[in-house]
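With my numbering applied, the sequence shown corresponds to residues 18 to 123, in that order.
Before any comments, here is the structure.
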Amino acid sequence: MSLPKIITCYTTISDKESSTKLIDQLLQSKLIACGVAWPAQSQYNWEGNVATEGEYLIYMKSSLALKERLLSRIQDYHPYDVPCILVREVECNLSYHDWVEEQTVV
18 MSLPKIITCY
28 TTISDKESST
38 KLIDQLLQSK
48 LIACGVAWPA
58 QSQYNWEGNV
68 ATEGEYLIYM
78 KSSLALKERL
88 LSRIQDYHPY
98 DVPCILVREV
108 ECNLSYHDWV
118 EEQTVV
């Protein structure tokens, strides 16, 4: 038995206010069904140095059909020069799939 698919999308952003604004914008435009944000500390190589920054991780769920539009919208909004935007197709239970499809506009 094959399960239906949705997408999950992950990005990081500089602060709580920015994460709330991004999630709100994507919910209002019905590009995501839901989004979760939580604080984290990131360490990464940047311009020859190791940088350590406080960030917010954002995890979102959406319709498989909206993948390109969602990526484009996040890229347009994102304040980082090189944002991390990861998208994955995932299988899920039918009732959750149907809810995601009802909450998003294709």
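Cβ coordinates follow ideal geometry from the N, Cα and C atoms, glycine included.
Keep in mind the model is a prediction, meaning the values are calculated, not measured.
Please report how far the alpha carbon of A57 lies from the alpha carbon of S80, in whole angstroms. Roughly 27 Å separates the two Cα atoms.
Between the C-alpha atoms of V122 and L103, what's the straight-line distance to the nearest angstrom? The alpha-carbon of V122 is positioned some 21 Å away from that of L103.
Anyone know if the C-beta pair for Y28 and I91 falls short of 7 Å? Sequence inspection shows Thr at residue 28; the Tyr mentioned does not correspond to that position. Yes, the Cβ-Cβ distance between T28 and I91 is below 7 Å.
Please report the distance separating the alpha-carbon of L83 from that of L48. The C-alpha of L48 is placed about 7 Å away from the C-alpha of L83.
Selection from S35, S36, L44 and K33 that minimises the alpha carbon distance to V117: Closest in C-alpha terms to V117, from the list S35, S36, L44 and K33, comes L44.
Run the CB neighbour count on A54, radius 10 Å, all protein chains shown included, and call it buried at 16 or more, exposed below. Burial call: buried.
Please classify K33 as buried or exposed, where buried requires at least 16 other C-beta atoms within 10 Å of its C-beta. By the neighbour-count rule (16 or more Cβ atoms within 10 Å), K33 is not buried but exposed.
Do you know offhand how far M18's Cα is from G71's? Looking at the two C-alpha atoms, the distance is approximately 43 Å.
With a CB to CB cut of under 6 Å and the five nearest residues on each side skipped, what residues in its chain are close to C109? When the five nearest sequence neighbours on each side are left out, the beta carbons in the same chain lying within less than 6 Å of the beta carbon of C109 are those of I23, in order along the chain.
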